[in-house]
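Residue numbers (the working numbering), protein chains in the order written: chain A, 1 to 283; chain B, 1001 to 1327.
Below: one structure, written as structure tokens.
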Amino acid sequence: MSTAASLHQSRKRKNGVMMTLCVVAAGIGLAWLALILGALLYKGLSGVSLAVFTEMTPPPGDAGGLLNAIYGSVVMTIIAVIVGTPIGVLAGTYMAEYGRFSKLTTIVRFINDILLSAPSIIIGLFVYELMVRPMGHFSAIAGAVALAILVIPVVVRTTEDMLNLVPNALREAGTAIGAPRWVVIKSVAYRAALSGIVTGILLAIARISGETAPLLFTALNNQFWSSNLNAPMASLPVTIFQFALSPYEEWQQLAWTGALIITLTVLGLSIFARSLTGRREDR
Amino acid sequence: MSAVQEALPAIKGSRDAIVRRFALTDTIFHAATRAAAILVLVLLGGVAISLFAGSWQALSTFGFSFLTTESWNPVTEKFGALAPIYGTIITSAIAILIAVPLGIGIAIFLTELCPRALRRPIGMAVELLAGIPSIIYGIWGLFVLAPFLQTTVQPFIIWLFHGVPGLNNLFAGPPYGIGLLTSAMILAIMILPFITSITKDVFDTVPSVLKESAYGIGCTTWEVTRRVVIPYTRIGIMGGVMLALGRALGETMAVTFVIGNAHRISTSLFAPATTISATIANEFTEAVGDLYTSSLVALGLILFVITFLILAIARYMLMRIDARTGA
Chain A
1 MSTAASLHQS
11 RKRKNGVMMT
21 LCVVAAGIGL
31 AWLALILGAL
41 LYKGLSGVSL
51 AVFTEMTPPP
61 GDAGGLLNAI
71 YGSVVMTIIA
81 VIVGTPIGVL
91 AGTYMAEYGR
101 FSKLTTIVRF
111 INDILLSAPS
121 IIIGLFVYEL
131 MVRPMGHFSA
141 IAGAVALAIL
151 VIPVVVRTTE
161 DMLNLVPNAL
171 REAGTAIGAP
181 RWVVIKSVAY
191 RAALSGIVTG
201 ILLAIARISG
211 ETAPLLFTAL
221 NNQFWSSNLN
231 APMASLPVTI
241 FQFALSPYEE
251 WQQLAWTGAL
261 IITLTVLGLS
271 IFARSLTGRR
281 EDR
Chain B
1001 MSAVQEALPA
1011 IKGSRDAIVR
1021 RFALTDTIFH
1031 AATRAAAILV
1041 LVLLGGVAIS
1051 LFAGSWQALS
1061 TFGFSFLTTE
1071 SWNPVTEKFG
1081 ALAPIYGTII
1091 TSAIAILIAV
1101 PLGIGIAIFL
1111 TELCPRALRR
1121 PIGMAVELLA
1131 GIPSIIYGIW
1141 GLFVLAPFLQ
1151 TTVQPFIIWL
1161 FHGVPGLNNL
1171 FAGPPYGIGL
1181 LTSAMILAIM
1191 ILPFITSITK
1201 DVFDTVPSVL
1211 KESAYGIGCT
1221 TWEVTRRVVI
1231 PYTRIGIMGG
1241 VMLALGRALG
1251 ETMAVTFVIG
1261 NAHRISTSLF
1271 APATTISATI
1281 ANEFTEAVGD
1291 LYTSSLVALG
1301 LILFVITFLI
1311 LAIARYMLMR
1321 IDARTGA
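As structure tokens, then:
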């Protein structure tokens, strides 16, 4: 009886210790992440002013803003989305509609998942070899292509997942009234999966808006205003990288402010994207 | 009556035309989607081919010794990948050692202990944090974590272990703040959300009947977790860890800020070092000469091969658990 009681006690104790460790782990993890966001808010907010959004990146030791970098990021992101989204949606459509059970789909899904988490600096090297070297100079369009390659796997994945969620009865109803397959896909499947596909695109934008590595040797950087797609273009992440590692205090401050802008953009996009599909999850 | 009979062939003709047009459009659309799917394969193949072509000069010059040489000298044009490979593996390994227990602990907390009302917000916060760009972690590591480690933690550890054989080599040297250990810590924070969210997802696949029967015979929460949940989800957890490892190996910006970019292998975890991705990020645009550039691309090829293998294994494991749950 007493051994049973002591065994019970020791099992309870062990359970208590392990569960406490789990709570501690959660505490450490959340506190750590809170520290990062806190520092970001504290250091970033102190540099927020109108000048950040209206002035160009300054020379060393001077005050200025991030206008050309923000503009560059927006332009390259838009081009990347315009190039990458149709390819991603079409590939996802093939995998969920025409070739749902084909061998090709299995292979593409596997490769796409690898592309999804492949190191982005490798994509940068690829685009360097593909575009920058043959063209002989760095350019915004090369940067946009590198970002587009990062957009594609995200969109493929969400498009396929969302189209797979569309009930087959809907497609059968479309086919039963004589609509050909592409009409069923366009007017039934796409419409039913629209919010999910848009979520995928938003998540892709969130992903590429903070990417630095693929831009380092494709779009390079530019100290000045440039809207020439065939020339190096500044971007927010690369500017942050350059400014943060510099010894100048004005530059470091701008780097923190830029980091805050990127983080808020990314978090905002992710939350908005999730709210679009949130109702589906609750059901 | 006759008017209808006259109209019939015309209707039939236009119907045939419409059906033909539908069929044609369908073929075109089918081909377009198929081409896009194949393009995804071509992309990965293109990456492999272009990296191989770009690194050919370096690989043919140095041969196999590229992998085993520590020296990295742009002046004499002698390049070896050993130091970056060493830095990449050490930082990722330490990051995994820190992040896996923490991540699994948080997942257990979320699935077993957390009050229901907090479960969704915390789970959502973890997923949002997984999306924060790596450059943010890098800038935090450089300006907040590194000075803190330099002024408080590292001097204390060096003082604590300076007489202990083995450990005194591991924690030696002047406290720079930046270096292997700092990079590993930043990587650990970065991959923590991934490990947590994947582990939580696979924990949720455990049928409640299994857990309830264990509770029914009087198991404690820890025993249920240790004997039922973790064995059931082992493959999934391994897959998640491999996925996180793949990310840690290829992570560029967060590491570049705090690694110190020194091409040497040292036993001390406090010493500045370099990783494959940090070397490429730091030196690629400044590389003069074809052999230098080619050596950097060769580093990229090595990274590509390593991460491809790791990610392929990870996906294979996660696919197996998906197949079992029928998801």
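Note that beta-carbon positions come from the ideal geometry of N, C-alpha and C, so glycine has one too.
Quick caveat: nothing in here was measured; it's all calculated off a predicted structure.
- At least 8 Å separates the CB of A/L66 from every CB of chain B.
- Within the DSSP bridge table, the entry for B/K1078 names B/N1073 as partners.
- B/A1037 carries a helical assignment under DSSP once its states are collapsed to helix, strand and coil.
- Going by DSSP, B/P1193 is part of the alpha helix (DSSP H) stretching over 1180 to 1203.
- Contacts with chain B at 8 Å (Cβ-Cβ) include A/M95.
- Chain B has no Cβ within less than 8 Å of the Cβ of A/T239.
- If you draw a 10 Å sphere on the C-beta of B/D1204, you find fewer than 16 other C-beta atoms in it, and that means exposed.
- Identification of chain B residues near A/Y98 by a Cβ-Cβ cut-off of 8 Å yields H1030, T1033, R1034, ordered along the chain.
- With respect to chain B, the C-beta atom of A/S120 has a partner C-beta closer than 8 Å.
- B/G1216 has its alpha-carbon roughly 18 Å from the corresponding atom of B/L1113.
- Per DSSP, A/K14 is one residue of the alpha helix (DSSP H) stretching across 2 to 45.
- Annotated three-state conformation of A/Q253 is helix, per DSSP.
- Approximately 20 Å separates the beta-carbon atoms of B/R1315 and A/F126; this is outside 8 Å, ruling out the contact.
- For A/N112, the three-state secondary structure derived from DSSP is helix.
- Only buried fits A/S73, as 16 or more other CB atoms lie within 10 angstroms of its CB.
- Its chain contains T1196, T1199, K1200, F1203 as the residues whose beta carbon lies nearer than 7 Å to that of B/A1107, once the 5 sequence neighbours on both sides are disregarded; these appear in chain order.
- Among the residues facing chain B, A/V156 is included, as its CB has a counterpart in that chain under 8 Å away.
- Comparing alpha-carbon positions, the option among A/M233, A/S187, A/V198, A/V166 lying closest to A/S139 turns out to be A/M233.
- Using a Cβ distance threshold of 8 Å, A/I141 and A/L229 count as a contacting pair.
- Excluding five sequence positions before and after A/L269, the CB atoms of its chain that fall closer than 7 Å to its own CB belong to L202, I205, A206, given in chain order.
- Those residues of the segment 1238 to 1257 of chain B placed with their C-beta closer than 9 Å to a C-beta in chain A are L1243, G1246, R1247, L1249, G1250, E1251, T1252, M1253, T1256, F1257, ordered along the chain.
- Interface annotation, B/T1274: not in contact with chain A, CB-CB separation never under 8 Å.
- Selection A/L170, A/W182, A/G136, A/A31 evaluated against B/V1019 yields A/W182 as nearest (Cα-Cα).
- Under a 10 Å Cβ-count criterion, B/T1152 is classified as exposed, with fewer than 16 other Cβ atoms of the shown protein chains found around its own Cβ.
- Taking 8 Å as the cut-off, the Cβ atoms of A/P119 and B/G1250 count as close.
- The three-state secondary structure of A/F138, taken from DSSP, is coil.
- Per the C-alpha coordinates, the member of A/P153, A/F241, A/S227, A/L236 positioned closest to A/S209 is A/L236.
- Taking 8 Å as the cut-off, the Cβ atoms of A/A259 and A/I271 do not count as close.
- Under the 8 Å criterion on CB atoms, A/V198 is classed as non-interfacial with respect to chain B.
- Cβ neighbours of B/G1173 within its own chain (closer than 7 Å, five residues either side excluded): S1268, F1270, A1271.
- Taking the Cα of A/S49 as reference, the smallest distance to any Cα among A/G64, A/T159, A/L35, A/L40 is reached at A/G64.
- In chain order, N15, M19 make up the part of chain A whose C-beta sits under 7 Å from the C-beta of B/T1221.
- Separation of A/L116 and A/P86 (C-alpha to C-alpha, rounded to the nearest whole angstrom) is 17 Å.
- Under the three-pair Cβ rule at 8 Å, the segment 1146 to 1166 of chain B does not count as touching the segment 1058 to 1073 of chain B.
- Annotation for A/T199: the continuous alpha helix (DSSP H) segment containing it runs 190 to 208.
- Nearest C-alpha to A/I36 among B/G1123, B/A1254, B/I1098, B/A1214: B/A1254.
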